[in-house]
Amino acid sequence: MRLVLLGAPGSGKGTQATRLREHLQVPHISTGELLRAAVAAGTSLGLQAKAVMAAGNLVSDAIVLGMLEERLTQPDTRNGFILDGYPRNLAQANALDALLTKIDQPMDIAVQLDVDQDLLVDRLAGRAKAEGRADDSPEAVRNRLKVYEEQTAPVVDFYRNQGKLAHLDGVGSLDEVFNRILEAISPHADVG
Ligand code: AMP
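Each residue of the sequence shown is one higher than the one before, starting from 136 at the first, in the working numbering.
The following block contains the structure:
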């Protein structure tokens, strides 16, 4: 099962991806986490990405694609993966499509978690307290939501046009949203 989770910052992609990983037994690949690890390790890629991420802007397509390609060609993705945080714009969506075609592993389904903007702001403020991420400051949060609307929202139509989009209500308890996802992906699941 090759699945991509779409949704604004704070829509619950990361939380649901963690549960889906357990359920589907495929890796959870988060480009945000890969980038935060590079920043923490102080690699040259991390140094390039650090300030861009702290401001809530997008890291360059070339950097993220290179990182993702390396991850997606590792053997643990053989039975699929859950992608979270990529694609963030149409150029990335096209690049991912080309990459998956090249390795003969087309995306099965894109799951969009829809959450109202006010709730996103509340959730991100709560997370800022709990996790202290550099990009959870009020200014960075505002910018990340703006970047999402301007650059990432069109990616939803990209998958809708391919007939691969499952648009779900992302509001509810963890279990409720998880069960909605399981129902949406069940035609594609070969486990669970
Ligand atoms: P996330 O954990 O997905 O919210 O990502 C945190 C930050 O990492 C984003 O605000 C971006 O600065 C950067 N980032 C993550 N994924 C991407 C991507 N696909 N393209 C560009 N920047 C990304």
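Ideal Cβ placement from N, Cα and C applies to all residues, glycine included.
Near the ligand AMP: residue i beta-carbon under 6 Å from a heavy atom
i    : result
M188 : yes
L170 : yes
L141 : no
P162 : no
G305 : no
Y221 : yes
L193 : yes
R258 : no
G167 : yes
V199 : yes
P273 : no
P289 : no
Cβ-heavy atom distance, residue i to the ligand SAM, below 6 Å
i    : result
R154 : No copy of the ligand SAM occurs in the structure displayed; its ligands are the ligand AMP alone.
Buried versus exposed call for residue i [16 or more other C-beta atoms within 10 Å across all chains shown]
i    : result
A230 : buried
Q151 : buried
P162 : buried
I238 : exposed
S146 : buried
A173 : buried
A275 : buried
G267 : exposed
Identified DSSP bridge partners for residue i
i    : result
S165 : D219
Q247 : L141, H302
Cutoff 6 Å; reference residue i; Cβ partners in own chain excluding five residues on either side
i    : result
L300 : A245, Y294
A269 : A189
N296 : none
H323 : M136, D243, I244
E318 : none
Cβ-based neighbour list, residue i, same chain, cut-off 7 Å, excluding 5 preceding and 5 following
i    : result
V326 : Its pLDDT being 48, under 50, V326 is placed unreliably by the model, and nothing is read from it.
G149 : S165, D219
M242 : R137, V139, L235, K299
P222 : A228, L231, V290
T287 : R223, N224
F313 : Q151, R154
7 Å Cβ cutoff met for residue i and residue j
i    : j    : result
L248 : L303 : yes
N278 : G167 : no
G142 : G307 : no
D271 : R262 : yes
A186 : V194 : no
L155 : I217 : yes
Neighbourhood of residue i by C-beta, 8 Å cutoff - its chain only, sequence neighbours within 5 removed
i    : result
A226 : D196
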